[in-house]
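**Q** Let me give you the structure first, and then I'll get to my questions.
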Amino acid sequence: MKSFRLFLLVTLLLSPFSGAVAQSTIYNEYAQEAGDALMIYRGRKAVHYAFQFNGTFYWESPQFLMGDVVYNSKKYEGLMLNIDANLQQVQVRHPVSAITEALNTSYLTSFNIGEKRFIGLDGGIYEIIYDGSITLLRQITKTLMRDIHLRNGESIGYYDPNFKENVFYYFKYNSRLYCLKDEILTPVRRERDILRLFPDRKKEIKAFVKRSKVSPRRNFEEYCIKVLSYAESTLK
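Residue numbering for the sequence shown follows my numbering, starting at 37 and increasing by one per position.
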């Protein structure tokens with residue numbers, strides 16, 4: 037089975053624009069150097085959205101960036117990664133063949149893409165915004181929708197520089213914040229959701245917020261970070 041898989045992968049690497057021997061040599065050299073790291077590329081092929089749409093299903097942009105993954109209790113480093121925010125899947129691009137695989141989110145513990153850190157939890161992907169005794173997480177989703185009156189920008193939740201007027205399918209952006217405490221994930225949408233995490237310190241925290249001039253209405257994410265940081269630093 038292992039020999040067959042390697043043969044299949046080498047076959048996929050062959051192209052009419054380069055010699056088979058050269059391509060095979062490139063792969064063999066990579067396989068020898070990568071060793072067990074090749075296991076990360078033995079997932080299922082990532083979904084290809086074979087229709088026209090506006091926006092993007094990726095977390096931020098279609099660009100794959102360097103990152104590391106803890107997957108099935110093993111760490112893999114130096115991978116080209118991106119996130120399908122519609123399916124909540126991490127995608128990894130093979131460095132030689134450029135085939136894109138989708139990782140099983142249930143085996144995904146944590147990963148980073150560039151400077152950003154993420155965790156896999158309950159079948160979803162979450163970016164770590166603040167890491168403490170209570171962790172602040174952000175989840176971005178891109179939901180496939182259709183609207184014949186679609187307009188670029190606010191309608192889809194972001195600006196698409198390649199927006200097509202006669203295409204009605206699009207990926208709708210949504211961002212939600214959560215707090216993770218004692219392995220329990222709690223959505224936070226407003227000021228009172230954060231204050232409920234500290235039932236005995238509401239008055240103290242409100243006084244701190246007033247002194248700090250942090251407004252949950254102007255920047256709710258900043259407000260959450262300030263409150264969590266303050267609560268942790270003054271915890272008795």
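Backbone N, C-alpha and C define an ideal beta-carbon position, used for all residues, glycine too.
Quick check on E137: does DSSP put it in helix, strand or coil?
**A** strand
**Q** Just mark F93 as buried or exposed, buried being the case when its beta carbon has 16 or more other beta carbons within 10 Å.
**A** buried
**Q** What three-state label does DSSP hand G83 in the structure shown?
**A** What sits at residue 83 in the sequence shown is Val, not Gly. Note: V83 maps to coil in three-state DSSP.
**Q** Do P252 and E227 have their C-beta atoms within less than 8 Å of each other?
**A** yes
**Q** Would a C-beta distance cut-off of 8 Å place C215 and L271 closer than the cut-off?
**A** no
**Q** Work out the CA separation of F207 and H185 for me, nearest whole Å.
**A** Roughly 14 Å separates the two Cα atoms.
**Q** Rounding to the nearest angstrom, what Cα-Cα distance links I135 and E201 in this structure?
**A** 31 Å
**Q** Taking 7 Å as the limit between beta carbons, can you name the residues of its chain near E258, skipping five residues before and five after?
**A** Closer than 7 Å at the Cβ level, and outside the excluded window around E258, lie V250.
**Q** Contact defined as beta carbons within less than 8 Å: I believe Y205 pairs with F100. What is the distance between those atoms, to the nearest angstrom?
**A** Between F100 and Y205 the Cβ distance is about 23 Å, and since that is not below 8 Å, they are no contact.
**Q** Return helix, strand or coil for K200, following the three-state DSSP convention.
**A** Assigned with DSSP and collapsed to three states, K200 falls in coil, not helix or strand.
**Q** Might you give, ordered along the chain, the residues of its own chain that have their beta carbon closer than 7 Å to the beta carbon of D167, omitting 5 neighbours on each side?
**A** none
**Q** Between P131, N108, L221, which has its C-alpha nearest L117's C-alpha?
**A** Ranked by Cα distance from L117, the first of P131, N108, L221 is P131.
**Q** Would you decide whether D183 is buried or exposed? Buried here means 16 or more other CB atoms lie within 10 Å of its CB.
**A** exposed
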